[in-house]
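The structure appears right after this line, and notes come after that.
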Amino acid sequence: LRLRGVQGEAGVDFTLRRDEVVTGARLVVNGAYSPSLLGDLSQLAVTLNGEPAGTVMLTPDRAAGTEWTIPIDPALFLRDNNLNLRFIGHYTRACEDPQHSSLWMNVSNQRSRLELTVSRLPGQPDLSQLPGPFFDKGGGKLVLPFVFAETPSDAVLRGAGAAASYFGMRASYRGFAFP
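The opening residue of the sequence shown carries number 1 in the working numbering; numbering runs sequentially from there.
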């Protein structure tokens, strides 16, 4: 992620499973930034769902590359979440050019990560939760086996095909299999 300007910003949306609750969380950010930044004014601010989750001061001694671990309050997590990084950079105490070449920060998208500890909630039979528990948008690849008590008729196979089509559409980019 390349963050530029006096308030460069980037975010990522993610969804938790319906049957999970976050009990512990930390964000590990690996990045580098301009050595010209003023360490007492420049920072990386992290928000989760619009709520402040943590702040890191950007001091010149760590500009070449560093890693921060930011604990995040588990109470801030919802089913649908937005994690946002805001780079607040300053290179002078006087009037600044908001697009000055020294106002930058790079965050690694390969070495940075959100680490979650989750607990599973017990499932309850409730048809109002459909398409759950068969499909949850917070999960990964959908694997939904079809089991028939006997050789299925053409009508049953058409019904299974319609169900597979519906669940395949819901699973979308996550991938799916219907063994």
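Think of the CB as a built atom: it goes at the ideal place given N, C-alpha and C, for glycine as much as any other residue. In this text, all values refer to a predicted model and were calculated from it rather than measured experimentally.
Own chain, CB closer than 7 Å to Arg-4, minus 5 neighbours either side, in chain order = Leu-103, Trp-104
Per DSSP, which residues does Ser-3 bridge with? Please list them.
-> Checking the sequence shown, residue 3 turns out to be Leu, not Ser. Answer is Met-105, bridged to Leu-3.
Is it the case that the Cβ atoms of Asp-126 and Arg-17 are separated by a distance below 8 Å?
-> no
Do the stretch 55-62 and the stretch 28-46 make contact, defined as three or more Cβ pairs closer than 8 Å?
-> yes
Taking 8 Å as the cut-off, decide whether the C-beta atoms of Thr-23 and Ser-119 are in contact.
-> yes
Drop a sphere of 10 angstroms on the beta-carbon of Phe-148, count the other beta-carbons inside from all chains shown, and report buried for 16 or more, exposed for fewer.
-> exposed
Looking at the unbroken beta strand (DSSP E) that takes in Ala-160, where does it start and where does it end?
-> Premise fails: Ala-160 lies in the alpha helix (DSSP H), 154-171, not in any beta strand (DSSP E).
For Leu-48, count neighbouring Cβ atoms within 10 angstroms of its own Cβ and tell me buried if that reaches 16, exposed if not.
-> buried
Measure how close the beta-carbons of Leu-76 and Ala-53 come, nearest whole angstrom, since I'm counting them as under 8 Å.
-> 6 Å
Can you tell me which of Ala-162, Val-143, Leu-78, Asn-30 puts its alpha carbon nearest to the alpha carbon of Ala-64?
-> Asn-30
Determine the DSSP secondary structure at Leu-41, reduced to helix, strand or coil.
-> coil
Considering only residues of the same chain and omitting the five flanking positions on each side of Pro-133, which have a CB-CB separation below 7 Å?
-> Gly-123
Quick one: residues in its chain with C-beta nearer than 6 Å to the C-beta of Ala-25, no 5 flanking neighbours on either side, listed in chain order?
-> Ile-72, Pro-74, Leu-116
Proximity below 8 Å, CB of Asn-106 to CB of Ala-155 | no
So, is Gly-8 buried or exposed, given that buried needs 16 or more other C-beta atoms within 10 angstroms?
-> buried
Around the Cβ of Ser-34, are there at least 16 other Cβ atoms within 10 angstroms (buried) or fewer (exposed)?
-> buried
Alpha carbon to alpha carbon, how far is Phe-176 from Asp-80?
-> 21 Å
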